[in-house]
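This note's numbering puts the first residue of the sequence shown at 33, with every later residue one more than the last.
Glycine residues also receive a C-beta, built at the ideal position from the N, C-alpha and C atoms.
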Amino acid sequence: MTELSPKTMSHSQISIAQLMQPEHANNLGNVHGGWIMKLADECGALACMRHAQRRVVTVAVDSMTFQQPIKIGDLVNLRAEVTYTGRTSMEAEVHVEAENPITGVKVYTNNAHLVYVALDETGKPVEIPQVIAETPAEQYRLDIAKQRQALRLKR
Ligand SMILES: CC(C)(COP(=O)(O)OP(=O)(O)OC[C@H]1O[C@@H](n2cnc3c(N)ncnc32)[C@H](O)[C@@H]1OP(=O)(O)O)[C@@H](O)C(=O)NCCC(=O)NCCS
33 MTELSPKTMS
43 HSQISIAQLM
53 QPEHANNLGN
63 VHGGWIMKLA
73 DECGALACMR
83 HAQRRVVTVA
93 VDSMTFQQPI
103 KIGDLVNLRA
113 EVTYTGRTSM
123 EAEVHVEAEN
133 PITGVKVYTN
143 NAHLVYVALD
153 ETGKPVEIPQ
163 VIAETPAEQY
173 RLDIAKQRQA
183 LRLKR
């Protein structure tokens, strides 16, 4: 097994959570979308670091749509995994939900797709291991992610 041996999608899976406090509020008293974007970027980067075992930088962020407002006092749960690998770039898919920590009720808020590039010690893009699927459902997600990356590069 070398440092470029393929790795499974599940290997990269990572979860983070943060309690939404008053400093995260917008003028309406709900959570400011920028905080969720920052957390999504961090979670995606962590999945990519786990996959590539390299530091990474964000090179592209797809549009984000927020389906539900998140309230102050909610716990925001984010889960990310690597869904595409090129030579030096990877896509992470991030799933975001808001949880009421008292009732335990969880509400899906949004999904995000972000692309990162792995860097070597000198800050140059460096080759990464390929991501592989273990199930047909994962293979489907890899196929769709490949199409998303082709579209980004076309744009
Ligand atoms: C990311 C960065 C290192 C890439 O450097 P570069 O010289 O452009 O490198 P390349 O052209 O070889 O591209 C590297 C990879 O990124 C991919 N890429 C570049 N632009 C992209 C885009 N808009 N969307 C998706 N992928 C992109 C390329 O396809 C390539 O992938 P591959 O190796 O898997 O085929 C450089 O652009 C950079 O430092 N950007 C700033 C990163 C940063 O500061 N992020 C935080 C911003 S707040």
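DSSP places Glu55 in the helix class (H, G or I) of the three-state scheme. Per DSSP, the unbroken beta strand (DSSP E) holding His145 starts and ends at 138–151. Thr34 and Asp106 have their C-alpha atoms some 42 Å from each other. Ala150 sits close to Ala84, with the two beta carbons spaced by under 8 Å. With fewer than 16 neighbouring CB atoms inside 10 Å of its own CB, Ser47 falls in the exposed class. Taking a cut-off of 8 Å for Cβ pairs, the region 67–81 and the region 139–156 touch, as three or more such pairs fall below it. Annotated three-state conformation of Glu74 is helix, per DSSP. The Cβ atoms of Asn109 and Ala49 sit closer than 8 Å to each other. For His43, the enclosing alpha helix (DSSP H) stretches over residues 41–44.
For ligand 1, residues qualifying as neighbours are Val89, Thr90, Val91, Ala92, Gly118, Arg119, Thr120, Ser121, Val147, Val149, Leu151, Pro157, Gln181, Arg184, Leu185, where qualification means a beta carbon closer than 7 Å to at least one of its heavy atoms (chain order).
Put simply, of Glu113, Val126, Val139 the residue whose alpha carbon is nearest the alpha carbon of Thr40 is Glu113. Nearest Cα to Arg180 within the set His56, Glu125, Thr90, Lys70: Glu125.
If you draw a straight line from the Cα of Ile104 to the Cα of Gly61, it comes to about 7 Å.
Under the three-state reduction of DSSP, Arg111 is assigned to strand.
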